[in-house]
Amino acid sequence: MTQNWPLWEVFVRSRRGLSHTHAGSLHAPDAEMALRNARDLYTRRNEGVSIWVVPSAQITASSPDERDPFFAPSADKPYRHPTFYEIPEGVRHL
Amino acid sequence: MTATETTHATPAGPSAVPAAALALGDDALVLSHRLGEWAGHAPVLEEEVALANIALDLLGQARVLLSMAGDEDELAFLREERSFRNLQLVEQPNGDFAHTIARQLYFSLYQHLLWTELAAGQGPFAPLAAKAVKETAYHVDHAVQWTVRLGDGTEESTRRMRAGLDALWKYTGEMFRPVEGVDVDGAALEQRWLAELDDVLSRARLDPPEGPRTGAWRAGAGREGLHTEPFGRMLAEMQHLHRSHPGASW
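Those protein sequences? They're chains V and D, same order as listed. FYI, in my numbering the residues of the first sequence are 255 to 348. FYI, in my numbering the residues of the second sequence are 841 to 1090.
Here is the structure:
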C-alpha cells in the first residue's frame, strides 16, 4: 500500500515572520491528506503556524557531482557577505 | 449566579454533574483505548500517528471529565464493566480500517455538535468543551476525508466503508438519549447530526444506512451499564496492568 502512495516534502513555518523550513517527508495518497499527515507528524509539539506540502517528484535537486562548479566559486568572495557594515540595534531575524 | 439563572434552573442539580462527567468521560476513555489498539497495526505509519493523536486528544478529555467524577485512575482501572457509562458505539471493536473510520465518523460528528453546544453554555462542561471543540473539529475532518476517499474509491474500499457504516448504524441512536446533567437538546442535536452525516455520505457517494438506529439492546443501554460482549475483553486488557501492579507509576 505504502509503495503506491507518493512521497511529499513538508515545509513548516514555525511562526509569523519566518519562512517555511523543510521539516521532513511523508507518504500520502493526495495533497489534502499529505497536509493532514504533516500536521500530525511535524506540528504535534506546537511547532507551526503554516504548512506547505510539495510532491517530492516535483523537486529538482542539484547533484553532488556538480558541487564544485555550483558552489566552490563563491568561497573566495568575502565581499559578498554582509559583514562590512554595522547592523542597527533592534533589527531582528537577520 | 444571578437571580435570573437560579429561577431558570438547568435540568439537573449539582449532584448530576459527576454522573454526567462519568458518562462523557467514559465515551472519551473507551474510544481512546480502541484507537490506541491501532498502534503497531495501522495500514501505514502516517495513519498510525494520526489515530494515536486522536486517541491522545480523547484521553486528555477523559482525564478532565473523570477527575470531575472522582479519582481518574480508580475510575479508569478499578471499575467493573457494569459501572461504565459509555455509549455502546465507542466500545465496538476496530474491525478493518473502514470500520474504524465509520465509528469515528458517527461519534466525532456527534461529539463535535455536543462540545459546540456545551461550549456556548455556562454549565460545568463549558471550559473543557471550549478546548475540546477544536480537537474534535479535527477528528471530524479526519473521518470525513477518509469516508469520502474510501466511499468514493475502489470497489473494495466502497464495499468496506459501506459495511462499516451499516454494521455500526444500530448503535447511533443511543447518542441522542438525554443524559442527566448534560444540558443539550438531544432531538435537535440528532437532526443536525443526521443532516451533517447526509452531507458527508453524499460527498462519498454512499446512501445513508437503513434500518433502526437501536439494536437488540434498547437505546441508552450503555449509559445504564449494559455493554456488548467485546467490551469485557477490552477492559481486561486496559485494566490488567494497573490491577496486577496496584499503585505502580512511571
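Here a beta-carbon is modelled for each residue, glycine too, at the ideal position from N, C-alpha and C.
Inter-residue Cα distance where the pair is residue i and residue j
{"i": "V/Ala315", "j": "V/Ala285", "result": "21 Å"}
{"i": "D/Gly1021", "j": "D/Ala860", "result": "5 Å"}
{"i": "D/Ser1084", "j": "V/Asn258", "result": "44 Å"}
{"i": "D/Trp986", "j": "V/Tyr339", "result": "55 Å"}
{"i": "D/Met1074", "j": "D/Leu891", "result": "18 Å"}
{"i": "D/Arg943", "j": "V/Phe324", "result": "54 Å"}
{"i": "V/Ser268", "j": "V/Gly302", "result": "4 Å"}
{"i": "D/Leu872", "j": "V/Ser310", "result": "A quick correction: the sequence has Ser, not Leu, at residue 872 of chain D. Answer to the nearest angstrom: the Cα atoms are 34 Å apart."}
{"i": "V/Arg334", "j": "V/Asp319", "result": "25 Å"}
{"i": "D/Arg1053", "j": "V/Arg270", "result": "48 Å"}
{"i": "D/Tyr978", "j": "D/Glu888", "result": "16 Å"}
{"i": "D/Leu918", "j": "D/Arg925", "result": "14 Å"}
{"i": "V/Val345", "j": "D/Val884", "result": "45 Å"}
{"i": "D/Glu1064", "j": "D/Ala879", "result": "30 Å"}
{"i": "D/Leu864", "j": "V/Ile341", "result": "57 Å"}
{"i": "D/Ala961", "j": "D/Thr1012", "result": "It is Gly, not Ala, that sits at residue 961 of chain D in the sequence shown. Cα to Cα, D/Gly961 sits roughly 25 Å from D/Thr1012."}
{"i": "V/Ser273", "j": "V/Glu263", "result": "15 Å"}
{"i": "V/Asp330", "j": "V/Glu343", "result": "29 Å"}
{"i": "V/Ser279", "j": "V/His347", "result": "26 Å"}
{"i": "V/Thr337", "j": "V/Ser328", "result": "15 Å"}
{"i": "D/Gly900", "j": "D/Leu958", "result": "17 Å"}
{"i": "V/Asp294", "j": "D/Arg1032", "result": "28 Å"}
{"i": "D/Glu995", "j": "V/Pro283", "result": "17 Å"}
{"i": "V/Ser317", "j": "V/Leu261", "result": "20 Å"}
{"i": "D/Ala843", "j": "D/Val1019", "result": "For D/Ala843, the pLDDT reaches just 41, beneath the cut-off of 50, and the residue's location in the model is therefore unreliable, although a value from the coordinates is still provided. Whole-angstrom Cα-Cα distance: 26 Å."}
{"i": "V/Asp322", "j": "D/Thr976", "result": "52 Å"}
Anticipated Cβ contact below 8 Å, residue i with residue j, distance rounded
{"i": "D/Leu862", "j": "D/Ala909", "result": "4 Å"}
{"i": "D/Gln928", "j": "D/Gly1072", "result": "About 13 Å; that fails the 8 Å criterion."}
{"i": "D/Leu875", "j": "D/Ala895", "result": "4 Å"}
{"i": "V/Val266", "j": "V/Ile305", "result": "6 Å"}
{"i": "D/Arg1017", "j": "D/Leu1046", "result": "Actually they are not in contact, since the Cβ atoms of D/Arg1017 and D/Leu1046 sit about 26 Å apart, beyond 8 Å."}
{"i": "D/Asn893", "j": "V/Arg299", "result": "11 Å between Cβ atoms; not a contact."}
Residue i versus the options, residue with shortest Cα-Cα distance
{"i": "D/Met1078", "options": "D/Leu864, D/Gly865 and D/Val870", "result": "D/Val870"}
{"i": "D/Gly1026", "options": "D/Glu995, D/Val984, D/Ala970 and D/Glu1014", "result": "D/Glu1014"}
{"i": "D/Gly1051", "options": "D/Trp1009, D/Thr987, D/Val988 and D/Asp981", "result": "D/Trp1009"}
{"i": "D/Val1092", "options": "D/Gly1087, D/His1082 and D/His1067", "result": "A query on residue 1092 of chain D cannot be resolved here, the shown segment of chain D reaching from 841 to 1090 and no further."}
{"i": "V/His308", "options": "V/Lys331, V/Ala288 and V/Gly271", "result": "Looking at the sequence shown, residue 308 of chain V is not His but Val. The shortest C-alpha separation from V/Val308 is found at V/Ala288."}
{"i": "D/Ala966", "options": "D/Lys974, D/Glu975 and D/Trp955", "result": "D/Trp955"}
{"i": "D/Lys974", "options": "D/Gln951, D/Ala938 and D/Trp1090", "result": "D/Gln951"}
{"i": "D/Gly1087", "options": "D/Ser872, D/Asp913, D/Glu888 and D/Arg925", "result": "D/Asp913"}
{"i": "D/Asp1039", "options": "D/Val988, D/Pro1070, D/Ala1076 and D/Thr998", "result": "D/Val988"}
{"i": "D/Glu920", "options": "D/Gly961, D/Val889, D/Asp866 and D/His939", "result": "D/Asp866"}
{"i": "D/Arg1043", "options": "D/Ala983, D/Glu996 and D/Pro1018", "result": "D/Ala983"}
{"i": "D/Gly882", "options": "D/Ser907, D/Asn934, D/Val1019 and D/Gly961", "result": "Inspection of the sequence shows that residue 882 of chain D is occupied by Ala rather than by Gly. Among D/Ser907, D/Asn934, D/Val1019 and D/Gly961, the Cα nearest to that of D/Ala882 is on D/Asn934."}
{"i": "D/Leu949", "options": "D/Ala959, D/Pro858, D/Glu996 and D/Leu1034", "result": "D/Leu1034"}
{"i": "D/Asp1006", "options": "D/Gly900, D/Glu877, D/Leu1041 and D/Glu957", "result": "D/Leu1041"}
{"i": "D/Val980", "options": "V/Thr275, V/Arg290, V/Pro260 and V/Leu261", "result": "V/Arg290"}
{"i": "D/Ser907", "options": "D/Ala970, D/Val1019, D/Pro858 and D/Thr976", "result": "D/Pro858"}
Per-residue burial, residue i [other beta carbons within 10 Å of its own, 16 or more giving buried]
{"i": "D/Pro964", "result": "buried"}
{"i": "D/Gln946", "result": "In the sequence as displayed, the identity of residue 946 of chain D is Tyr instead of Gln. With 16 or more Cβ atoms within 10 Å of its Cβ, D/Tyr946 is classed as buried."}
{"i": "D/Asp1023", "result": "buried"}
{"i": "D/Pro1049", "result": "buried"}
{"i": "D/Glu1069", "result": "exposed"}
{"i": "D/Leu1081", "result": "exposed"}
{"i": "D/Trp1090", "result": "exposed"}
{"i": "D/Gln932", "result": "buried"}
{"i": "V/Thr275", "result": "exposed"}
Residue j beta carbon less than 8 Å from that of residue i
{"i": "D/Ile941", "j": "D/Gly993", "result": "no"}
{"i": "D/Glu1036", "j": "V/His281", "result": "no"}
{"i": "V/Ala326", "j": "V/Tyr296", "result": "no"}
{"i": "D/Asp936", "j": "D/Arg999", "result": "no"}
{"i": "D/Leu990", "j": "D/Ala938", "result": "yes"}
{"i": "D/Ala868", "j": "D/Leu898", "result": "yes"}
{"i": "D/Leu968", "j": "D/Leu1029", "result": "no"}
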